[in-house]
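Visitor: Sending over a structure as structure tokens; questions will come in a sec.
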Amino acid sequence: GTDSMVETGKVLQTIADKTIVMTGALNPARFRGSDAEFNIGCAVGAVQSLPAGVYIAMNGRIWNPEKVRKNVAANRFESV
Numbered sequence: 001g002t003d004s005m006v007e008t009g010k011v012l013q014t015i016a017d018k019t020i021v022m023t024g025a026l027n028p029a030r031f032r033g034s035d036a037e038f039n040i041g042c043a044v045g046a047v048q049s050l051p052a053g054v055y056i057a058m059n060g061r062i063w064n065p066e067k068v069r070k071n072v073a074a075n076r077f078e079s080v
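In terms of the UniProt record's numbering, the sequence shown has 43 at position 43, counting the first letter as 1, and numbering is strictly consecutive.
Below is the structure:
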């Protein structure tokens, strides 16, 4: 889930010459007000336009896994 997304992104950085954009939802897609569809759209746009590397698409932003953390208490991703 999104709790381990940052660590997964760091591991995936060993894959060369690929653009990998990870995404998820802080609220499940079946719930009203979920961020799932928005995050998927953001990820699709990002994977088509970013250079090779690993990224996290959440909350309308594209993050480098080395420079982001999930704030579980606030239920959001934020810069470190």
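Just so it is clear, CB atoms sit at the ideal spot from N, CA and C, and this is done for glycine as well.
What is the DSSP secondary structure of F77, counted as helix, strand or coil?
Guide: Reading the sequence shown from its first residue, position 77 is the one you call residue 77. F77: strand per DSSP, three-state reduction.
Visitor: Provide the residue span of the alpha helix (DSSP H) that contains V72, from first to last.
Guide: Start at 1 with the first residue of the sequence shown, and residue 72 comes out as number 72. Neither: V72 is in no alpha helix (DSSP H) and is coded neither H nor E.
Visitor: Look at the Cβ atom of T19, then the Cβ atom of G60, and state whether they are nearer than 9 Å.
Guide: Stepping through the sequence shown from its first residue, residue 19 is reached at position 19. Stepping through the sequence shown from its first residue, residue 60 is reached at position 60. Not in contact: T19 and G60 (Cβ atoms no closer than 9 Å).
Visitor: Assuming the contact rule is C-beta atoms closer than 8 Å, I62 and M22 should be a hit. Round their C-beta distance to whole Å, please.
Guide: As a working mapping, residue 62 is identified with position 62 in the sequence shown. As a working mapping, residue 22 is identified with position 22 in the sequence shown. Contact doesn't hold; Cβ gap of about 11 Å is too wide.
Visitor: Output the distance between the C-alpha atoms of F31 and F38, rounded to the nearest integer angstrom.
Guide: For the purposes of this step, residue 31 is taken as the residue at position 31 of the sequence shown. For the purposes of this step, residue 38 is taken as the residue at position 38 of the sequence shown. One C-alpha to the other measures close to 13 Å.
Visitor: Run through the DSSP bridge pairs and tell me what A57 is partnered with.
Guide: If you number the sequence shown from 1, residue 57 lands on position 57. Per DSSP, T23, I62.
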